[in-house]
Amino acid sequence: MTPVAPPPDKARYVRSMFTRIAARYDLMNAVMTGGRHHAWRRAAAGATLAAPDGPILDLATGTGDLALAVRAVRPGARVVAADFAEGMLRQARAKLAGARGVTLLQADALALPFADKTFAAVTSAFLLRNLADLERGLDEMRRVTVPGGRVVTLEIVGARSALWGRLFAVYFGRVVPAIGALLARDREAYTYLPQSVDRFVTSDGLARLMERVGLRDVTVRRFALGTVALHAATV
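When we follow our numbering, the leftmost residue of the sequence shown carries the number 64, and every step to the right adds one.
Written out as structure tokens, the structure is:
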């Protein structure tokens, strides 16, 4: 597998990449996870139930699946679904056509266009590895959340088991790029994505970063034999 070097302008690279793969994003998620990504998103949505009443912000909404999951568990809440890749927003508009209570918005997770203490909860799925400044992104999520609100993140992390870690590395590092080349016609994107896991902090490291920016009571729940982690914290 040819390594994809960390891009000098990560934000521009990531925006371009997700715009390229937007049309096949749902298909690739279903194939890569065996359809389990929907259950993980439902768990993330459920973690917002501990938040007070109020609007919910779903960052890097992609095609809108987590925003829809949040609406399913909090049907009275207004959900703002934001992404900075226009290609993803186009897919989300088609999927969310007719859905009530969800507003789509183009926004950068590192410079959110919202006042402090606007949302009862902020959610994200598979966003954090792609941020040019992880700590700043977490701090923005905290900033726009009300006191007592929730910050909920779903992310791919390194496996804790050495054996499963080796198997996961083969699958994610070799099989996924091949599937990406076949189904999404973009081997580079699906080579970058697994390599971004190798460059990402551990699950425990992410929990510490969340605490560093002022989030409290961080909990971690793991799925997929520990390779997907749901972090939830209180502001």
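Idealized CB from N, CA, C, for every residue including glycine. The structure presented is a predicted model; accordingly, all values stated were derived computationally and were not measured.
Cβ neighbour criterion (16 or more within 10 Å) applied to Glu149: exposed
Classification of Gln169 by the beta-carbon crowding that lies within 10 angstroms, buried from 16 upward: exposed
Three-pair Cβ contact test at 8 angstroms for the stretch 84 to 99 versus the stretch 261 to 279: no
Neighbourhood of Arg83 by C-beta, 6 angstroms cutoff - its chain only, sequence neighbours within 5 removed: Asp249
Limits of the unbroken beta strand (DSSP E) element including Ser187: 182 to 188
Beta-carbon proximity of Tyr253 to Ala244, cut-off 9 angstroms: yes
Sub-9 angstroms separation of Leu167 and Ala132 beta-carbons: no
The stretch 213 to 227 in contact with the stretch 272 to 291 per 3-pair CB rule at 8 angstroms: yes
Residues bridged to His294 [DSSP beta-bridge criterion]: Thr216, Val283
The stretch 153 to 161 contacting the stretch 176 to 190, beta-carbon criterion three pairs below 8 angstroms: no
Counted within 10 angstroms of its Cβ, other Cβ atoms place Ala292 as buried (16 or more) or exposed: buried
Heavy atom of the ligand ATP within 8 angstroms of Ile242 beta-carbon: No copy of the ligand ATP appears in this structure; indeed no ligand is present at all.
Member of Ile242, Leu201, Pro257, Ala241 whose CA lies at the smallest distance from the CA of Ala174: Leu201
Span of the beta strand (DSSP E), counted from its first residue to its last, around Asp89: Per DSSP, Asp89 belongs to no beta strand (DSSP E); it is in the alpha helix (DSSP H), 88 to 96.
Host beta strand (DSSP E) of Asp196 (start-end): Careful: Asp196 lies outside any beta strand (DSSP E) and carries neither H nor E.
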